[in-house]
Ligand SMILES: [Zn+2]
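Residue numbers (the working numbering): 233 to 390.
Okay, structure coming up:
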């Protein structure tokens, strides 16, 4: 694992109380699934940003190398603090990881456009791309329609 992916990110609940410390991949998964916002603190105060805003911020305000991950087409700033939208409870019961079960969990709903599709119109999508270490597991795989899946390939390219 590249050393930069070993950074730790503080996770706050809606009351801004720390609830967890997570790794970079988990943090980006939370951010890019819309479960959490990224918080950037500077002398003017706190800015709370969505994934899209965070990507723009990363481009507009290039982060120091030690605080970034480089994908094939963007240098993404690693957030130091995330703010959860709702408490992200991960069920501890072991459920077999499979395409069908991911569709089931997501109710056959594309996690990018929010529309429902039949199985054959859906794909599994890596929220954090594989080329920077995104895993194939419950946390990093979501249901995506074919259209969003191909469009999302460009998302990491600004
Ligand atoms: Zn879609």
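Think of the CB as a built atom: it goes at the ideal place given N, C-alpha and C, for glycine as much as any other residue. All values reported here derive from a predicted model rather than from experimental measurement.
To the nearest whole angstrom, what separates the beta carbons of residue 329 and residue 340, a pair I think is in contact under 8 Å?
Wrong, their Cβ atoms sit about 17 Å apart, outside the cutoff.
Is the beta carbon of residue 374 closer than 8 Å to that of residue 316? no
Worksheet entry | Burial state of residue 258 (16 or more Cβ within 10 Å) | buried
Could you check if residue 323 is buried or exposed, using at least 16 other CB atoms within 10 Å of its CB as the buried criterion? Here residue 323 scores only 47 on pLDDT, less than 50, and its place in the model should not be relied on; the value that follows carries that caveat. Burial call: exposed.
Inset, instruction - Would you mind stating whether residue 333 and residue 355 have Cβ atoms separated by less than 8 Å? - result: no
Use the C-beta contact count for residue 345: other C-beta atoms within 10 angstroms, 16 or more gives buried, fewer gives exposed. exposed
Along the chain, which unbroken stretches of the beta strand (DSSP E) at least 3 residues long are found entirely within the segment 243-307?
-> 250-255, 268-274, 277-281, 300-302
Taking 7 Å as the cut-off, does the CB of residue 283 come closer than this to any heavy atom belonging to ligand 1?
no
Compare the beta carbon distance of residue 353 and residue 261 with 8 Å and say whether it is the shorter of the two. no
Practice problem: Report the three-state DSSP secondary structure of residue 355 (helix, strand or coil). | Solution: strand
TODO: Tell me where the beta strand (DSSP E) around residue 313 begins and ends.
DONE: 313-316
Taking contact to mean at least 3 C-beta pairs separated by less than 8 Å, is the segment 305-316 in contact with the segment 280-291? yes
Close beta carbons around residue 303, own chain, < 7 Å, minus the five adjacent residues each side: 361, 363, 364, 388
Using only the alpha-carbon positions, how far apart do residue 272 and residue 295 sit? 12 Å
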